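Asker: Using the numbering used here, read the sequence shown as starting at 202 and increasing by one per residue.
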Amino acid sequence: MTSDIPQLTAEHGRVLLDLARATLNDHLGRTGAAATSMALASAPELQAHCGIFVSLKTGGRLRGCIGSLVGRVPLAEGVRTQALNAAFHDPRFESLSAEELDRVSIEISVLSPPQPLAFSDFADLLKKLRPHVDGVTIHQGHASATFLPQVWDQLPRAQDFLSQLCLKAGLAADAWRKGGITVEIYQVQYFEE
């Protein structure tokens, strides 16, 4: 983990998860949601500007995931925004319904700043990637996509990871082998319900 990201405790993570759930409850007009302590949400660590992704899962399957690689707002505010985006603006899924919310688990990834990864060719790229440690973003022209480090659990072979990442970006699956892409890596602090 780089020093550019605050070291968040399990309690900070709990506050962020509670904040995300309360935001979704409020948006869906559900009353009686547990109130999040705004005193904890205003902790200095939660005011840092960090990239953040909020993922929603139902039965272990992705139900929505949206985020930002770069923090433009304080972390607590970013969690609220990305929770709403993951629930209602992920184009891969229908908007979350109030009935679904009780079955959804929330995951929050707080990102270190992305760093360029220098590599000479595709074999060097494979050697430099750290499975289960690095989140990876690829860029080629206007196309780009990212996978959080947690995606390594589903795609443990670096070749498969990169091929699926290229497809996500709208590129050919083997674009990473042909050159012309740039790669950035980042690490995350990860919290889940």
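From the three backbone atoms N, C-alpha and C, an ideal C-beta is built for every residue, glycine too. These numbers were taken from a predicted model, which means no experiment stands behind them.
#1: Is the beta carbon of Pro332 closer than 8 Å to that of Val389?
#2: Report the partner residues of Ser256 according to the DSSP bridge assignment.
#3: What is the rounded straight-line gap between the Cα of Asp375 and the Cα of Leu247?
#4: Check this for me: beta carbons of Leu302 and Leu217, under 8 Å apart or not?
#5: Expressed to the nearest angstrom, what Euclidean distance is found between the alpha-carbon atoms of Gly371 and Gly265?
#6: Could you check which residue in Ser298, Ala344, Trp353 has the C-alpha nearest to that of Leu330?
#7: Can you give me the start and stop residues for the beta strand (DSSP E) that Val389 sits inside?
#8: Assign Leu209 to buried or exposed, taking buried as 16 or more other Cβ atoms, counted over all protein chains shown, within 10 Å of its Cβ.
#9: So, do the region 248-264 and the region 298-313 have three or more beta carbon pairs nearer to each other than 8 Å?
#10: Taking the straight line between their C-alpha atoms, what separation do you get for Leu368 and Glu278?
#11: Measuring only the C-alpha atoms, how far is Tyr391 from Ala359?
#12: Based on Cα-Cα distance, which residue from Glu394, Ser345, Arg262, His228 lies nearest to Trp377?
#13: Quick one: what's Pro317 bridged to in DSSP?
#14: Identify every residue that forms a DSSP beta bridge with Gln341.
#15: Do you know whose CA, among Phe348, Pro245, Leu285, Gly260, lies nearest Asp227's CA?
#16: Among all the DSSP beta bridges, which residues are the ones paired with Pro275?
#17: Who does Gly336 pair with in a DSSP beta bridge?
#18: Excluding the 5 residues flanking Gly384 on each side, which residues of the same chain have their C-beta closer than 6 Å to its C-beta?
#19: Might you give, ordered along the chain, the residues of its own chain that have their beta carbon closer than 6 Å to the beta carbon of Glu393, omitting 5 neighbours on each side?
Answerer: So, to answer that:
#1: In the sequence shown, counting from the first residue as 1, residue 389 sits at position 188. In the sequence shown, counting from the first residue as 1, residue 332 sits at position 131. When the beta-carbon positions are compared, Val389 and Pro332 stay at least 8 Å from each other.
#2: Here residue 256 corresponds to residue number 55 of the sequence shown, with the count starting at 1. The partner list for Ser256 (beta bridge, DSSP) reads Cys266, Glu308.
#3: Within the sequence shown, numbered from 1, the residue matching residue 375 stands at position 174. Within the sequence shown, numbered from 1, the residue matching residue 247 stands at position 46. When only Cα atoms are considered, Asp375 and Leu247 end up about 39 Å apart.
#4: Indexing the sequence shown from 1 puts residue 302 at position 101. Indexing the sequence shown from 1 puts residue 217 at position 16. Result no, Cβ atoms of Leu302 and Leu217 do not sit closer than 8 Å.
#5: Taking the first residue of the sequence shown as position 1, residue 371 is located at position 170. Taking the first residue of the sequence shown as position 1, residue 265 is located at position 64. Distance between the alpha carbons of Gly371 and Gly265 is about 19 Å.
#6: Stepping through the sequence shown from its first residue, residue 330 is reached at position 129. For the residues Ser298, Ala344, Trp353, the minimum Cα distance to Leu330 belongs to Trp353.
#7: Here residue 389 refers to the residue found at position 188 of the sequence shown. Taken as a continuous stretch (DSSP letters only), the beta strand (DSSP E) holding Val389 covers 389-393.
#8: Mapped onto the sequence shown, residue 209 falls at position 8. Buried, because 16 or more other Cβ atoms sit within 10 Å of the Cβ of Leu209.
#9: They touch, by the three-pair rule.
#10: Position 167 of the sequence shown, counting from 1, holds the residue named residue 368. Position 77 of the sequence shown, counting from 1, holds the residue named residue 278. In this model, Leu368 and Glu278 are separated by some 31 Å (Cα to Cα).
#11: On the sequence shown, position 190 is the one that residue 391 refers to. On the sequence shown, position 158 is the one that residue 359 refers to. The straight-line gap from Cα to Cα measures roughly 21 Å.
#12: Looking up residue 377 in the sequence shown gives position 176. Proximity to Trp377 across Glu394, Ser345, Arg262, His228 peaks at Ser345, based on C-alpha coordinates.
#13: Along the sequence shown, read from residue 1 onward, the residue named residue 317 stands at position 116. Answer is Glu385.
#14: Position 140 of the sequence shown, counted from the first residue, corresponds to residue 341. Ala344, per the DSSP bridge assignment.
#15: For the purposes of this step, residue 227 is identified with residue 26 of the sequence shown, where counting begins at 1. Comparing Cα-Cα distances from Asp227 to each of Phe348, Pro245, Leu285, Gly260, the minimum goes to Leu285.
#16: Along the sequence shown, one-based indexing puts residue 275 at 74. Answer is His250, bridged to Pro275.
#17: Sequence index remark: in the sequence shown, residue 336 carries index 135 (1-based). Residue pairing for Gly336: DSSP places it in a beta bridge opposite Tyr387.
#18: Mapped onto the sequence shown, residue 384 falls at position 183. Residue identity check: residue 384 is Val in the sequence provided, not Gly. Here the set comprises Leu318, Ile339.
#19: Working through the sequence shown from its first residue, we reach residue 393 at position 192. Within its own chain, the residues whose Cβ lies closer than 6 Å to the Cβ of Glu393, once the five positions on either side in sequence are excluded, are Glu308, listed in chain order.
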